[in-house]
Structure formats: structure tokens, C-alpha cells
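Numbering (the numbering used here), first residue to last: 8 to 221. Virtual Cβ for every residue (Gly too), placed ideally from N, Cα, C. None of these values were measured; they are calculated from a predicted model. Right, one structure below, let's go through it.
See the structure below:
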């Protein structure tokens, strides 16, 4: 005789399996999109430590001062839950009968925007433009946790200059003149040594067609 599970246990198991499936599917989709964006640009793989896990359309874009990807995703979910809870409280205060549904709808609306911010729109980024020989540097208004607000990008153009590496205490920084344009941790499992940083600089030089004196 097979052991039977009560309804609560079955529901918990179904929820756990569904969660594992969603996480696995999301990781697979993230890997596939990242691979697709790098196709045809093999050298850009050397820049991945300076992209902070963002899925950026230009494979040569580097990112500065962004929290780690797991933290950004956790913050995105947190903002969605907080928005939903706040909407539910407001709806309840106005005696709206379906206040729970209001909270769920608001949370579901906020979640995709928060995830897009966590995956696609970094607070600070720099992109080399080979057609003009310049850099496009963009900054966005950021909330606590590193998520950015849509429509707040402010971009400037910087004439081409030599990119060099500054190995700080806890990060390898890509510098353009006196400005930090990219930052990657070089401690622990994410060790970035001077050789790897030099390869990243070489890729950016080749992208802009600049030649560094030997």
C-alpha cells in the first residue's frame, strides 16, 4: 500500500518543484541570452568581469559601481513584494473589497520592471563607439540596492583616450583619463589579476582601433 500525503504536504511539494523549475528555467534563459549577445564577438568575453552580470546589447559595454547580480535580483523581488504590500494596505484603507487582488496586481506589474532594471539597465556604463572613436558614458538614477529608474539615463560623449588599469584593494578598475568606467572584484573566487585586466584593455583598444605604444 502506497503511503499517501496530506493535501498541505502535496501542495508544498508542488510549490517547491514549481519554484525549482522556474529557477532552473530562468538560469537557462539567462545563460542563453548572454551567449547570444556575445556571438560573433569572442574577444568581448574578456570583459565579462566588468559587466557585473548585466545582459547588455553591446558586448563591449563595461559597468561601474553596480551591486552583484544575486543581490540585484533579491532587491528586485523585494521591491515587488513591498509595492504589492503597500498597494494592498492603501486599498484596504479605502475599503476596496478586492484589496488582496490589488496588491497582487501591483506586485506583478512592478516585478518585470524591477527585473529589467536588475538585468539590463546599470547605474553607470561606458560603451566604446568605433564609428566615432569616442566613448558613450551613461548614468541612471539608482534606488537603494542598485536598481535604476526607467527613463533617467543621462549620457555624455568622451573623446577617445587611453584606457588603463588600476588594481585597487578589492577591485580591478578600468580608467578612462581620471574617470572609472568599469570595476570588477579581484578577490576570492573572482580573482582578476593584471594579466586578465591587460587583456580586457587590449580588447577595448582593438574595438576603438587605437594603438598603444610598445
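Straight-line Cα distance separating residue j from residue i
i           : j           : result
residue 205 : residue 54  : 11 Å
residue 159 : residue 16  : 46 Å
residue 93  : residue 109 : 10 Å
residue 90  : residue 24  : 27 Å
residue 106 : residue 87  : 16 Å
residue 220 : residue 182 : With a pLDDT of 49 at residue 220, under the threshold of 50, the modelled position of this residue cannot be trusted, and the question is left open.
residue 57  : residue 128 : 14 Å
residue 139 : residue 190 : 24 Å
residue 113 : residue 97  : 12 Å
residue 162 : residue 154 : 18 Å
residue 203 : residue 74  : 21 Å
residue 47  : residue 95  : 48 Å
residue 156 : residue 124 : 7 Å
residue 146 : residue 164 : 12 Å
residue 199 : residue 111 : 43 Å
residue 21  : residue 66  : 39 Å
residue 172 : residue 32  : 37 Å
residue 30  : residue 184 : 41 Å
residue 174 : residue 78  : 24 Å
For residue i, three-class secondary structure by DSSP
i           : result
residue 80  : helix
residue 221 : Any reading at residue 221 must be qualified, since the residue scores a pLDDT of 49, below 50, and its modelled position is unreliable; the value itself is stated next. Three-state result, residue 221: coil.
residue 212 : helix
residue 8   : Low confidence applies here, because residue 8 scores a pLDDT of 45, under 50, leaving its location unreliable and the question unanswered by this model.
residue 47  : coil
residue 41  : helix
residue 21  : helix
residue 189 : strand
residue 164 : strand
residue 183 : strand
residue 178 : strand
Distance CB(residue i)-CB(residue j) smaller than 8 Å
i           : j           : result
residue 170 : residue 180 : no
residue 201 : residue 166 : no
residue 64  : residue 76  : no
residue 207 : residue 192 : no
residue 122 : residue 61  : no
residue 137 : residue 215 : yes
residue 45  : residue 36  : no
residue 210 : residue 41  : no
Below-8 Å beta-carbon distance, residue i vs any chain D residue
i          : result
residue 24 : Protein chain content of the structure displayed is limited to a single chain, and chain D is not contained in it.
Review point. Between the region 79-89 and the region 105-122, do at least 3 Cβ pairs fall closer than 8 Å?
Key: yes
Point to revise | Cβ pair count under 8 Å reaching 3, the region 131-142 against the region 58-75 | key: yes
Check your understanding: Just checking, does the region 150-159 make contact with the region 96-103 on the three C-beta pairs under 8 Å criterion?
Key -> no
Practice item. Please specify which runs of the alpha helix (DSSP H), each continuous and at least 4 residues long, are wholly inside the region 91-157, giving them in chain order. Key: 106-127
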